[in-house]
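Report on the structure given below.
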Amino acid sequence: MTTTYGTLNGKVALVTGGSRGIGAATAVRLAREGADVAVTYVDAKEAASDVVRRVEALGRRAVALRADSADAEEAAGAVLRTAEALGGLDVLVNNAGVGVLGPLGELSLAEVDRVLAVNVRGVFLASQAAAARLRDGGRIITIGSCMTQRVPGPGGTLYATSKSALTGLTKALARELGPRGITANIVHPGPTHTDMNPADGPFAAGQAAMTAVGRFGTAEEVASMVAYLADAAYVTGAEFSVDGGHAA
Ligand code: NDP
């Protein structure tokens, strides 16, 4: 049987936090488009191995790398390990993230440091390492949040702060790397059914009601936008909401 791939034939992609949720769906979608894929994880080794098996079943190469985005060396190192294992790098998807919500006065310094380390510093360092490794025409796609567009209630100070920083990073990367044909864009998911934010969780009904379409999104719906941006050469420095109208 001959497998027909899509727009990413022969490209190499790294998806941080690719063991579960939006990252796992993205890894599989990019493989379906023809990319070889590396995923990082911290705890879910078996889930990461399952993503590798799903990618390999599509006829593409895959590796799972344990790399904590909160660790500076590991965040940058995952980029280098991907390039070594799969022979270069064309697409970086900065997906790994943590969500800590709570009243401003109750957020501890440890929580502030942890969220900024994973959601901001890790993304910055991975992008920095990728800029040095990406082939010309490469892509940096970062997963932000609908909370950068509209904060629907209290408790989002830390998370919204962290995700909003990524918009500035994305625009600056677009300017710096544009001359090499490397694009940088950011995708803002709305409430999306994953382990982080299950559609049957205690705060789910209110989140669904905040959207125009009245429901949670799927990880695959976010992955579709990432796959488009992994192909698009004349789209850069831009923000894309995949949020069911949460920001409308
Ligand atoms: P999940 O919690 O379902 O999955 C998170 C993934 O990130 C896992 O693969 C996890 O690895 C990995 N991860 C977590 N911390 C680290 C770390 N320190 N280093 C490396 N990998 C890490 O999350 P989602 O799929 O829901 O979220 C993906 C992205 O989308 C995040 O950036 C999130 O903020 C953003 N987002 C999600 C929304 C939602 O409603 N779900 C809405 C808006 C944005 P492991 O399996 O090993 O734990």
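Going by full-length UniProt numbering, 104 is the number at position 104 of the sequence shown; the sequence numbering is gapless.
Note that beta-carbon positions come from the ideal geometry of N, C-alpha and C, so glycine has one too.
Quick caveat: nothing in here was measured; it's all calculated off a predicted structure.
Residue i - DSSP class collapsed to helix/strand/coil
| i | result |
| --- | --- |
| Ile-22 | helix |
| Thr-192 | strand |
| Arg-32 | helix |
| Gly-217 | strand |
| Pro-198 | coil |
| Ala-75 | helix |
| Val-118 | helix |
Option nearest residue i by Cα separation, candidates the options
| i | options | result |
| --- | --- | --- |
| Ala-208 | Asp-243, Ala-78, Arg-60 and Ala-165 | Asp-243 |
| Ala-232 | Leu-116, Asp-90, Leu-109 and Glu-220 | Asp-90 |
| Ala-172 | His-188, Gly-137, Gly-237 and Ser-162 | Gly-237 |
| Ala-132 | Ile-182, Ala-85, Ser-69 and Thr-161 | Ile-182 |
| Val-98 | Arg-32, Ala-160, Ile-141 and Leu-229 | Ala-160 |
| Arg-29 | Val-42, Ala-44, Gly-59 and Tyr-41 | Gly-59 |
| Leu-134 | Arg-81, Leu-104 and Val-100 | Arg-81 |
Delimiting residues of the alpha helix (DSSP H) encompassing residue i
| i | result |
| --- | --- |
| Tyr-41 | From DSSP, Tyr-41 is part of no alpha helix (DSSP H) but of the beta strand (DSSP E) over 36-41. |
| Phe-124 | 122-133 |
Residues that residue i bridges to, as DSSP identifies them
| i | result |
| --- | --- |
| Asn-185 | Ile-141 |
| Val-12 | Asp-36 |
| Arg-66 | Tyr-41 |
| Leu-92 | Leu-14 and Ile-140 |
Residue i: CB within 7 angstroms of a non-hydrogen atom of ligand 1
| i | result |
| --- | --- |
| Met-196 | yes |
| Val-98 | yes |
| Asn-185 | no |
Any chain C beta carbon closer than 8 angstroms to residue i
| i | result |
| --- | --- |
| Leu-80 | Given the protein chain composition of this structure (a single chain), no chain C is represented. |
Enclosing beta strand (DSSP E) for residue i [first to last residue]
| i | result |
| --- | --- |
| Ser-241 | 239-242 |
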